[in-house]
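Read through the structure below, which is laid out as C-alpha cells, and then see the notes.
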Amino acid sequence: MREEYGKVLAVLARRCGDLDLAEEVLSEALARAAERWPREGEPERPAAWLTTVARNLLIDRARSTPLEIEWTDAVAEQAQEVAAEAPAEHADFALEDDRLRLLFVCCHPSLNQESQMALALRTLCGLTTREIARAFVQDESATAQRLVRAKRKIREARIPFEVPDAAQLPERIDTVLAVIYLLFNEGYLAHETEPPVRSDLCEQAIRLGKLACDLVRRHVEAQALVALMLLQHARRAARVCDGELVPMEDQDRSLWHAEDIRAGLAWLDDAIACHRAQGCAPRPYLLQAAIAALHNRASASEQTDWLQIASLYDGLLEVLPSPVVELNGAVAHAMAQGPQEGLRRIARLEARGELSGYHLLPAAQADLLRRAGDIAGARDAYARALGLATQPLERRFLERRLHELAA
Amino acid sequence: MQYMILIYGDEKAYASAPKAAIEQMHVAHMQYGKEMTEKKVMVGGSQLAPTTSATTLRLVGGKPVATDGPFAETKEQLGGYYLIECANLDEAIKWAGRCPSIQGGTIELRPLIKHSM
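Put into C-alpha cells, the structure is as follows:
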C-alpha cells in the first residue's frame, strides 16, 4: 500500500499544486477504501480506484469551498481536466512522471535538509508522521510541525510541481541524490538512537535511489549511489555484534548479505558502462561505490586491494576535496604502504586544523600508532578521540580499544 | 505570482568601492532591469539610500516617535529591491540568480501574499 500511496499522492499533488490538499483527499479516499473494500472486495487496481475517488473529492472541494489560495480557478480547471482524461486504467503512463515531479518538490533547495528528508519519507515512501519522528528521534508533534511548515512553504512560495529545466537539472539531481544519501547515512549509523543501525531507513533510501534511476535514465551518479548503498547495507549483520561496533577488518564476512552484494555489483557495472559511454570524469558516488566494491570483493581483510583503494581515494579527493575524504585516504595509504605513511598524511591534515574537534582523526591516529607498535602514543590518541566522540557505540568501541592496550 | 528580490550587502564596502566598479554595477543593473521589463517580469524596484539615512518609528505612549538609524544593526544591510512577476519559485530563482548585486552580496527571495478584498 505504501508504494501505491506515493504514486497516487504524486498524481494528485501535481494536479492541484498543493500537497496538503492532496494528502487530505487521499486520506479520505483511503478511509472510504477501508470501509468498502472489506465488504465489496479489493478492486483489481487499487491505485486506480484510489486515484478516481480522490480526484472526484478534489473536484468537489474546488467547487464547494472558496479556497484562500490564489489559484482556485486553476485547481478547479485542472481537476476537471483530470476527470475528463482517459480512464484510470491508462493512468500508469503518467504516474512515473508525477512521482519524479514530487521527488524534485521534496528535495527543493529552498527547503531545509530535515524537511527534505521528512517530506520524501512522508509523501513518496508513505511513512506516517510517527514513523518519521521515530526515525529522527524527534517528538511526533515537532515532526508534524516540520511537515506542515514545509508544505506551507511549497504552497506560499509556489515551488513548482515540475521537472527542472535542462539548465537547473544537473544541480537539482545532485540535491535529490544528496538527500537520499543523507537518509541512508541516518540509518547506517544513527546519531543517538537505539538501535544504532536502522535498516528500514537504509532500505527506504535504497528504494528512493532506485526510483530516481527509474525516472532519470542512464544517470551515472544515481546508479552509482544505489550501488554504494547496497554494498554498504550488505554488511549490516556483521557491523554490530552483541551491541558492539565491529571494525571492517574484524567483521565476520560470512554474515555479509551475498544477494545485496551481487545486486550492488550489478548496479556498479551498469554505472561504469554508462560512465564509459558518456566519457566524462568519474564523480563522487561512482568512486565511493568502487571503493565499497573492493572491500566487499575481498574474502578476507588481508586480501583487500589497498593500493587500488588508495588510488581511488586520491581520485575522490580531486573531485570532492574535503578533509574527511583526505583522512580516509590517509588510512587507505597506511594500509597499502605502512602506518608511517598514514601518520605523516594525518599529521599534515592535523596541522591545517580543519578537523579539530572531529573524533575520527585521533581515532585513526590511534589505530595506526597501535599497528606501528607505539602503545603509549596509541593510548594517548584513543583518549583524545574519546574526549570528542558522542555516538554511544563509537564511544564503547574506543573505550574497548583503550582497555585492550592497557592490559 | 509576485516575488520580492531583496538585495543585502555591506554598505560600508560599497561606499568605499572605486568609482569605476560602482559605475559598472549601475550599468549591469540597468541592463538587468531592461531585460526583465522586456520579458514582462519586472513590476518595480529601486536602490535604497544607505541605512545612515534611515529613520525608525515606534509608538511611545501611543504616539509615533521617530528616531535616528535602522531598525536593526546587521553585518549586511538591505540596499535595494526588485518586485517581479513569475509563474513559480524556480522561475523567480532563475531571475534572482542573475541579479548583478549577487556579486559580493546576498539575495533573499520572498513571495508576496495576495489578499483578496
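Protein chains in written order, with the working numbering: chain A, 898 to 1304; chain B, 5 to 121. Note that the Cβ used here is the ideal one computed from N, Cα and C, for glycine as well. Here the structure is a predicted model, which is why all the values come from computation and not from measurement.
If you compare alpha carbons, which of A:1282, A:1030, A:1001, A:923 is closest to residue 1040 of chain A? Among A:1282, A:1030, A:1001, A:923, the Cα nearest to that of residue 1040 of chain A is on A:1030.
Just list the residues that DSSP pairs residue 68 of chain B with in beta bridges. Under DSSP, residue 68 of chain B shares a beta bridge with B:63.
Any chance the region 97-113 of chain B sits against the region 9-27 of chain B, with 3 or more Cβ pairs inside 8 Å? Touching, yes.
So that I know if they touch, is there some Cβ in chain B lying closer than 8 Å to that of residue 916 of chain A? No, because no Cβ of chain B sits closer than 8 Å to the Cβ of residue 916 of chain A.
Which first and last residues belong to the beta strand (DSSP E) in which residue 89 of chain B is found? For residue 89 of chain B, the enclosing beta strand (DSSP E) covers residues 81-89.
Using three-state DSSP, classify residue 1293 of chain A as helix, strand or coil. Residue state for residue 1293 of chain A is assigned as helix, using DSSP reduced to three classes.
In three-state DSSP terms, what is residue 114 of chain B? Residue 114 of chain B: strand per DSSP, three-state reduction.
Contact check, residue 1018 of chain A vs residue 1024 of chain A, beta carbons under 8 Å: Taking 8 Å as the Cβ cut-off, residue 1018 of chain A and residue 1024 of chain A qualify as a contacting pair.
Against chain A, which members of the region 88-102 of chain B pass a CB distance test of less than 7 Å? Of all residues in the region 88-102 of chain B, those with a C-beta nearer than 7 Å to a C-beta of chain A are 92, 93, 94, reading in chain order.
Spatial neighbours of residue 32 of chain B within its chain, please: C-beta separation below 7 Å, excluding the five flanking residues on both sides. The residues are 104.
The region 1153-1169 of chain A in contact with the region 1104-1122 of chain A per 3-pair CB rule at 8 Å: Enough Cβ pairs lie closer than 8 Å, so yes.
Roughly how many whole angstroms lie between the Cα atoms of residue 1007 of chain A and residue 1184 of chain A? One C-alpha to the other measures close to 29 Å.
Using 8 Å as the limit for Cβ to Cβ distance, is residue 1057 of chain A near chain B? Yes, residue 1057 of chain A lies at the interface with chain B (some Cβ there is under 8 Å from its Cβ).
Since residue 1003 of chain A and residue 1020 of chain A should fall inside the 8 Å C-beta cutoff, what is the C-beta to C-beta distance between them, to a whole number of angstroms? That belief holds up - the Cβ atoms of residue 1003 of chain A and residue 1020 of chain A are roughly 6 Å apart, short of 8 Å.
Buried or exposed by the 16-neighbour rule on C-beta atoms within 10 Å, applied to residue 990 of chain A: Here the model assigns residue 990 of chain A a pLDDT of 40, short of 50, so the residue's position is not dependable and the matter cannot be decided.
Run through DSSP, which three-state label would residue 1196 of chain A get? DSSP places residue 1196 of chain A in coil when its eight states are reduced to three.
Can you list, in chain order, the residues of the region 1035-1061 of chain A whose Cβ is nearer than 8 Å to any Cβ on chain B? From the region 1035-1061 of chain A, only 1053, 1054, 1055, 1056, 1057, 1059, 1061 have a Cβ closer than 8 Å to chain B.
Can you list the residues of chain B that residue 1007 of chain A reaches, using a CB-CB cut of under 7 Å? Against chain B, a Cβ distance below 7 Å from residue 1007 of chain A picks out 93.
What does residue 115 of chain B reach in chain A if we use C-beta pairs closer than 7 Å? Chain A residues near residue 115 of chain B: 1053, 1054, 1055.
Just the Cα atoms here: how many angstroms apart are residue 72 of chain B and residue 87 of chain B? Whole-angstrom Cα-Cα distance: 27 Å.
Three-state class that DSSP yields for residue 1138 of chain A in the structure shown: Under the three-state reduction of DSSP, residue 1138 of chain A is assigned to strand.
Under 8 Å by Cβ, that's how I've got residue 1220 of chain A and residue 1246 of chain A pegged, so tell me the actual separation to the nearest angstrom. The C-beta distance from residue 1220 of chain A to residue 1246 of chain A rounds to 6 Å, short enough to meet the 8 Å contact threshold.
Contact with chain A by residue 5 of chain B, beta-carbon distance below 8 Å: Judged by the 8 Å Cβ criterion, residue 5 of chain B is in contact with chain A.
Separation of residue 1230 of chain A from residue 951 of chain A, as counted between CA atoms: A straight line joining the alpha-carbon of residue 951 of chain A with that of residue 1230 of chain A spans about 58 Å.
I want to see whether chain B comes within less than 8 Å of residue 912 of chain A, judged by CB atoms only; does it? For residue 912 of chain A, not one C-beta of chain B is nearer than 8 Å to its own C-beta.
Pairwise C-alpha distance: residue 62 of chain B and residue 1111 of chain A: In this structure, the straight-line span from the alpha carbon of residue 1111 of chain A to that of residue 62 of chain B is close to 58 Å.
Would you call the CB atoms of residue 1228 of chain A and residue 1181 of chain A closer than 8 Å? Result no, Cβ atoms of residue 1228 of chain A and residue 1181 of chain A do not sit closer than 8 Å.
Near residue 1295 of chain A, which residues of its chain fall below 7 Å by C-beta distance, leaving aside the five closest residues on each side in sequence? Non-local beta-carbon contacts of residue 1295 of chain A in its own chain, meaning distances under 7 Å to residues more than five positions away in sequence, involve 1260, 1279, 1282, 1283, 1286 in chain order.
For the pair the region 1249-1264 of chain A and the region 1093-1104 of chain A, tell me if three or more CB-CB distances fall below 8 Å. Contact fails: fewer than three Cβ-Cβ distances are below 8 Å.
If you follow the beta strand (DSSP E) that residue 50 of chain B is part of, which residue opens it and which one closes it? It spans 46-51 - the beta strand (DSSP E) in which residue 50 of chain B sits, taken as one unbroken run.
Pull up the distance between the alpha-carbon of residue 1191 of chain A and that of residue 116 of chain B, whole angstroms please. When rounded, the distance between both Cα atoms is 53 Å.
Beta-carbon gap between residue 1129 of chain A and residue 1085 of chain A smaller than 8 Å: With contacts defined as CB atoms closer than 8 Å, residue 1129 of chain A and residue 1085 of chain A qualify as a contacting pair.
Beta carbon proximity, residue 1010 of chain A to chain B, threshold 8 Å: For residue 1010 of chain A, no CB of chain B lies under 8 Å from its own CB, so it is not counted at the interface with that chain.
Closest Cβ-Cβ distance between residue 1065 of chain A and chain B: below 8 Å? Chain B has a Cβ within less than 8 Å of the Cβ of residue 1065 of chain A.
Can you tell me which residues form a DSSP beta bridge with residue 108 of chain B? Looking at the DSSP assignment, residue 108 of chain B forms no beta bridge with any residue, so it has no partner.
Quick one: what's residue 9 of chain B bridged to in DSSP? The partner list for residue 9 of chain B (beta bridge, DSSP) reads B:86, B:113.
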